[in-house]
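Heads up: the sequence shown runs through residues 3 to 327, numbered per our numbering. Written below as structure tokens is the structure these notes are about.
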Amino acid sequence: MSLTNAEFDVSEIHWLMDMFQTVDVGLVVLNSDYRIQVWNGFMESHSGLTPRQVRERYLFDLFPEIDEEWLRRKCDPVILLKNRAFTIWEQRPYIFKFKNYRPITGSAEYMYQNSTIFPLTDTRGQVTHLCIIIYDVTDAAVSRSELESMNGRLQQLSKTDFLTQLSTRGHWEDALVQEFNRLQRYSQHHSTLLMCDIDHFKRVNDTYGHTAGDEVIRKVADVIKANIRTTDLAGRYGGEEFAILLVDTTMQQALCLAERIRQQVANLTIPYNSTSLTVTISLGLAERDVSMQEHRHWIEAADKALYQSKVDGRNKVTCHQAEDE
């Protein structure tokens with residue numbers, strides 16, 4: 003005998019509620035005033051507070067250890083822009099200060115957490131609530147921290163260019179290969195490669211010496227570091243050449259960044275002994291496209307655009323066009 007639609011709806015709701023209560027992640031729903039509306043079994047188990055005890059309570063009164071200003075900075079754009087936001091334990095170990103009871107990682111006093119924050123809308127499309135999903139990542143965090151404590155310094159030396167404190171070419175290119183492979187699997191994603199080179203750098207070395215050249219390289223690297231996001235990766239690709247992997251970035255978005263870097267370098271005044279040095283850079287951009295079969299084709303495309311900037315008079319940004327291939 004088959005279920006009626008009404009019976010099926012009731013069963014479906016029962017299943018959803020059962021999953022909601024037993025899933026091994028925290029689920030919290032807040033209204034626009036940051037008052038708790040929903041509190042699942044994971045949150046009850048780790049906080050010791052039942053849904054009845056927390057309902058309609060102001061989140062920051064109930065959990066004063068939460069940095070209200072920080073969390074609001076994360077949540078307010080979610081409401082305004084209807085976008086998701088994420089927090090990771092590397093930046094902040096947890097949102098909710100839950101004790102860690104996992105036997106494998108008993109050395110950690112508190113639960114390390116990642117989280118996803120996303121908007122909930124009404125039938126008119128207006129954001130009325132926020133949902134926060136809490137993931138327990140203690141095992142991964144502790145394992146990573148222990149590994150870093152044992153090998154961190156050696157790894158850092160192998161990954162970091164001494165002069166610029168950017169990534170070494172080897173480490174940077176390894177990351178590029180990983181990103182290229184990711185984009186091969188998820189072709190709808192966009193990432194852009196930026197290559198840049200200090201114009202007439204040989205003149206600096208020949209006129210003022212290699213120590214002056216090193217100072218110029220350091221200052222250009224500082225401009226790059228000041229303008230990229232934590233998700234981007236900049237490396238010293240050669241003597242006076244730099245490469246920046248801009249993850250989840252279209253060509254147009256990358257062009258804005260490249261122009262900002264170009265202008266800031268052009269405006270630099272670099273003191274050296276009794277004189278001041280000025281330099282410019284040329285830049286090339288290439289967004290990964292499906293015609294690129296290997297990561298080196300991506301590098302070649304960006305390098306070709308960089309070369310065109312040099313040909314066109316330097317101190318320019320050139321975007322690689324796939325149809326030129």
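Beta carbons are placed, not taken as given, at the ideal position from N, Cα and C, and that holds for glycine. What you are looking at is a predicted structure, and each value in this text was computed from that prediction instead of being measured.
With contact defined as three or more Cβ pairs closer than 8 Å, the segment 275 to 295 and the segment 191 to 203 are in contact. Shown here for D305: same chain residues with a beta carbon closer than 8 Å to its own, the five before and five after excluded, namely M197, G286 in chain order.
Excluding the 5 residues flanking it on each side, T252 has same chain C-beta neighbours closer than 7 Å at H192, T194, E289, in chain order. DSSP places R238 inside the beta strand (DSSP E), whose first and last residues are 235 to 238. Remark: three or more beta-carbon pairs, one from each stretch, lie closer than 8 Å, so the segment 266 to 277 and the segment 202 to 219 are flagged as touching.
Around the Cβ of G315, a 10 Å sphere holds fewer than 16 other Cβ atoms; the residue is exposed.
I226 and Y36 have their C-alpha atoms some 38 Å from each other.
In this structure, Y239 lies away from R298, with their beta-carbon atoms at least 8 Å apart. Assignment of alpha helix (DSSP H) within the segment 35 to 83, counting only whole runs of 4 or more residues, yields 43 to 49, 53 to 56, 61 to 64, 70 to 83 in chain order. Closest by C-alpha distance to F44, out of K84, F62, L83, M113, is M113.
In the DSSP secondary-structure assignment, H131 is bridged to N33, L122. For V267, the enclosing alpha helix (DSSP H) has its first and last residue at 253 to 268. According to the DSSP assignment, S284 belongs to the beta strand (DSSP E) that extends over 283 to 289.
Excluding five sequence positions before and after I81, the CB atoms of its chain that fall closer than 8 Å to its own CB belong to S34, P121, V129, L132, given in chain order. Of the residues V313, D124, F100, the one whose Cα lies closest to the Cα of Y137 is F100.
Q190 and V313 have their C-alpha atoms spaced approximately 33 Å apart.
Following the DSSP letters along the chain, one finds I97 in no beta strand (DSSP E), marked with neither H nor E. Note that the C-beta distance between F62 and F98 is not below 8 Å. Each residue's CA atom was taken as its position, placing Q55 and V31 some 14 Å apart.
A direct Cα-Cα distance of roughly 6 Å separates E242 from D199.
In this structure, I283 lies near V267, with their beta-carbon atoms less than 8 Å apart. Classified as buried, E181 has 16 or more neighbouring CB atoms from the shown chains inside 10 Å of its CB.
In the three-state reduction of the DSSP assignment, Y309 falls in the helix class, which pools H, G and I. Burial state of T166 is buried, judged by a 10 Å Cβ sphere holding 16 or more other Cβ atoms. Cβ-Cβ separation between R264 and N207: approximately 22 Å, too far for a contact (criterion under 8 Å). Restricting attention to E111, I119, Q254, the CA atom closest to the CA of P79 is found in I119.
Judged by beta-carbon spacing, W174 lies within the 8 Å limit of L235, meaning their Cβ atoms are closer than that value. A142 and V281 have their alpha carbons spaced roughly 45 Å apart.
Bounds of the beta strand (DSSP E) holding L248 are 243 to 248. Using a Cβ distance threshold of 8 Å, L29 and N42 count as a contacting pair. Per DSSP, reduced to three states, the secondary structure at S293 is coil, with no helix or strand assignment.
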